[in-house]
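Beneath this line is the structure, given in structure tokens, with notes to follow.
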Amino acid sequence: MTEQITQDKIKESLSFFENMYDAVRLVDPLQKRVLECKRNGKSNLDEECISSWGEEMITDDSIAVRAYHEKKSFIKLVQRPEGTVTVAAIPLRNQDRPLILEFILDAANVQIVSAPQNCEDWKAVKDALADANGMAIQDGLTSLYNRYYFDERLPRDISEAVAKNAPLSVIFIDADDLKIINDTLGHIAGDLALKEIGAAIQRNIRLDHDWAARYGGDEFFVSLHHTPYDKAFRVAERIREEVEKITIAVPEGSIRLSASLGVHTLNGSVLTTDELISLVDQKMYHAKKNGKNRTVGNGPDVYINEAKMSSTCPLARDFPYSSQKNTIESEGRNA
133 MTEQITQDKI KESLSFFENM YDAVRLVDPL QKRVLECKRN GKSNLDEECI SSWGEEMITD
193 DSIAVRAYHE KKSFIKLVQR PEGTVTVAAI PLRNQDRPLI LEFILDAANV QIVSAPQNCE
253 DWKAVKDALA DANGMAIQDG LTSLYNRYYF DERLPRDISE AVAKNAPLSV IFIDADDLKI
313 INDTLGHIAG DLALKEIGAA IQRNIRLDHD WAARYGGDEF FVSLHHTPYD KAFRVAERIR
373 EEVEKITIAV PEGSIRLSAS LGVHTLNGSV LTTDELISLV DQKMYHAKKN GKNRTVGNGP
433 DVYINEAKMS STCPLARDFP YSSQKNTIES EGRNA
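If you use our numbering, the sequence shown corresponds to residues 133 to 467, in order.
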């Protein structure tokens with residue numbers, strides 16, 4: 133019979149594993165929390181990357197929870213702002229309670245056995261791996277991130293915002309009347325509309341700091357790091373106004389696009405991923421319900437009720453804004 137070990141023994145062993153990997157952590161898959169995290173002092177990974185990994189929330193779809201339920205190990209590549217990392221989750225036989233041992237390793241340091249000897253062949257392998265990794269997290273139509281990336285990334289953003297007591301603003305975007313476009317002009321026109329909206333979103337966020345994903349169908353999601361509510365609302369308005377200017381030529385003539393947006397800022401309170409999505413989705417729905425082509429938000433950390441839902445933020449104002457800096461400028465182009 134395989135001997136089960138205690139939690140204390142496992143914690144004592146973490147120092148052994150931390151010298152083999154960039155970082156190692158012990159996870160409780162039932163409570164969904166990190167019990168212990170140790171960093172390799174010689175790691176080349178960014179310290180902030182490892183710190184955020186050690187503090188992030190454990191979600192139902194994380195590999196730690198999957199390893200627990202399926203009783204087998206999992207390995208995945210994760211695209212983080214600092215680069216691609218390899219994460220492994222291993223279920224442990226523990227007499228106290230279920231535990232998962234996770235390792236994180238810079239993907240650039242992973243050695244591939246029997247790699248091609250020819251330099252050109254090796255470059256082709258690395259390029260193929262990079263392309264495959266990109267395809268795994270990218271929406272094929274809009275080139276934004278996909279739902280898989282969204283599910284992996286948003287819980288980390290929430291954890292980081294809570295740990296650093298920094299504002300995290302999110303925008304939920306729905307393309308207006310896309311079903312009508314699909315039904316009357318065909319899905320080619322509908323796909324083109326989604327591409328144009330995705331491009332408008334990308335042009336108005338900081339690509340090296342924020343991120344945007346196609347949530348599903350005609351819905352998009354934007355995460356703005358360290359961004360207070362007022363600036364997030366201005367970003368949303370810039371996106372809305374740019375979408376409003378899009379004209380798509382079709383054989384029947386041309387169509388104009390519009391979108392409805394909801395904005396919410398997490399600033400101090402602790403919300404789950406589902407709670408945050410629900411809040412910002414309610415605001416987007418309110419924008420739809422009140423005429424479409426508008427942005428709705430009620431400020432940071434407001435739990436919506438019907439009375440508060442009747443209010444919207446002011447529209448049709450000039451907001452000098454730089455998507456490179458995400459700051460209000462004394463001089464700059466109008467939103």
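Ideal Cβ positions, reconstructed from N, Cα and C, are used throughout, including at glycine.
Hey, which unbroken runs of the beta strand (DSSP E) at 3 residues or more fall wholly within the region 261 to 348? With a minimum length of 3 residues, the continuous beta strand (DSSP E) runs that stay inside the region 261 to 348 are 300 to 307 and 343 to 348.
Coil, strand or helix - Glu168 by DSSP: Glu168 sits in a strand when the DSSP states are folded into three classes.
Between Asn430 and chain C, is the shortest Cβ-Cβ distance under 8 Å, so that the two count as touching? The structure shown contains no chain C, having only a single protein chain.
In its own chain, which residues sit with a C-beta less than 6 Å from the C-beta of Gly330, not counting the 5 before and 5 after it? Closer than 6 Å at the Cβ level, and outside the excluded window around Gly330, lie Thr274 and Leu276.
Give a yes or no on contact between the region 309 to 324 and the region 366 to 373, applying the rule of three or more CB pairs nearer than 8 Å. Put simply, the region 309 to 324 does not touch the region 366 to 373. Fewer than three CB pairs are less than 8 Å apart.
Separation of Leu408 from Phe235, as counted between CA atoms: Their Cα atoms are separated by approximately 28 Å.
What residues in its chain sit with their C-beta under 6 Å from that of Leu167, if we drop five residues either side in the sequence? Short of 6 Å from the beta carbon of Leu167, and not among the five residues preceding or following it, lie these beta carbons of its own chain, in chain order: Leu158 and Asp160.
Examine the Cβ distances between the region 419 to 426 and the region 382 to 395 and report whether three or more of them are shorter than 8 Å. Yes, since at least three Cβ pairs between the region 419 to 426 and the region 382 to 395 fall closer than 8 Å, the two stretches touch.
Beta carbon of Ala364, beta carbon of Ser301: below 8 Å? Taking 8 Å as the cut-off, the beta carbon of Ala364 is found closer than this to the beta carbon of Ser301.
Do Glu376 and Thr305 come within 8 Å of each other at the CB atom, strictly closer than that value? First, the residue type needs correcting, since residue 305 is Ile and not Thr in the sequence shown. It is not a contact, given that the beta carbons lie outside the stated cut-off.
Helix, strand or coil for Thr405, going by three-state DSSP, please let me know. Thr405: helix per DSSP, three-state reduction.
To the nearest angstrom, report how far apart Phe353 and Gly322 are at their CA atoms. Cα to Cα, Phe353 sits roughly 18 Å from Gly322.
Helix, strand or coil: which one does DSSP assign to His201? Helix.
Inter-residue Cα distance where the pair is Ala293 and Ala381: Between Ala293 and Ala381, the C-alpha separation is close to 42 Å.
Do you know offhand how far His201's Cα is from Thr405's? Roughly 21 Å separates the two Cα atoms.
Taking all protein chains shown into account, decide if Arg288 is buried (16 or more other Cβ within 10 angstroms of its Cβ) or exposed. So Arg288 counts as buried.
So, for Lys203: in the same chain, excluding its five sequence neighbours on each side, which residues have a beta-carbon less than 7 Å away from its beta-carbon? Here the set comprises Pro223.
Beta-bridge pairing of Ala381 - partner residues as DSSP gives them: Ala381 is bridged to Ser386.
Considering Cα atoms alone, identify which of Thr216, Asn399 and Arg279 is closest to Pro360. Cα-wise, what sits closest to Pro360 is Asn399.
Quick one: what's Leu231 bridged to in DSSP? Leu224.
Can you tell me which of Lys327, Asp309 and Leu209 puts its alpha carbon nearest to the alpha carbon of Tyr280? If we check each option's Cα against that of Tyr280, Leu209 comes out closest.
By DSSP, does Ile195 sit in helix, in strand, or in coil? Taken through DSSP and simplified to helix, strand or coil, Ile195 comes out as helix.
Can you give me the start and stop residues for the alpha helix (DSSP H) that Glu374 sits inside? DSSP places Glu374 inside the alpha helix (DSSP H), whose first and last residues are Tyr361 to Glu376.
In the DSSP assignment, the beta strand (DSSP E) including Asp154 goes from what residue to what residue? That residue, Asp154, is in no beta strand (DSSP E); it is neither H nor E in DSSP.
Rounded Cβ spacing between Leu233 and Asp154 (contact assumed at less than 8 Å): Taking 8 Å as the upper bound for CB-CB distance, Leu233 and Asp154 are not in contact here, some 14 Å apart.
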